[in-house]
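Each residue of the sequence shown is one higher than the one before, counting from 1 in the UniProt record's numbering.
Ideal Cβ positions, reconstructed from N, Cα and C, are used throughout, including at glycine.
Predicted model, so just to flag it, every value in this text is computed and none were measured.
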Amino acid sequence: MCICFANFRTKAAPLCAPFSSALCIFGAGSIPMFFLLPVLIILGLSPALLVWVLAAYFSPEAYDIKPLKMLVVSFVLSVVIGMSVNIELEAGMLSGIVFISVASFALSCVLIPLTIIYKYVRLRLAKNA
């Protein structure tokens, strides 16, 4: 539960903050959940990282796909999508992690062909110039 410190002195029960911070969105208002959150995010992003590593392994050497850089791109895009869609997190932190994991995996599957097409067109234009 997120605590609003301005109202903490006047009321005995903690109130939820009127603003949304990243920790409140993921449901990590308490200290143990704050330390558990990065571990859950890393575990949730591991399928997307596996997809990017396999794409880098099986793509030609000239395309040079960087798996960690593209994983960060898909993670940031999935967080932006989650914020813009205004996901409801009634289940707490785990529903946010599941949404980010599934969204980053889906974005990775969409971004791999787009990245390869972009690099192919860029190499073709460099050869013709």
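- Contact between Ser104 and Leu45 holds: CB atoms are separated by about 6 Å, below the 8 Å threshold.
- In the DSSP assignment, Pro60 falls outside any alpha helix (DSSP H), carrying neither H nor E.
- Inter-residue distance for Lys119 and Leu40 is about 33 Å (C-alpha atoms, whole angstroms).
- Sorting Ile100, Leu71, Lys69 by C-alpha distance to the C-alpha of Met83 places Ile100 at the top.
- Fully contained in the stretch 86 to 129 are the following alpha helix (DSSP H) runs of length 4 or more, in chain order: 93 to 128.
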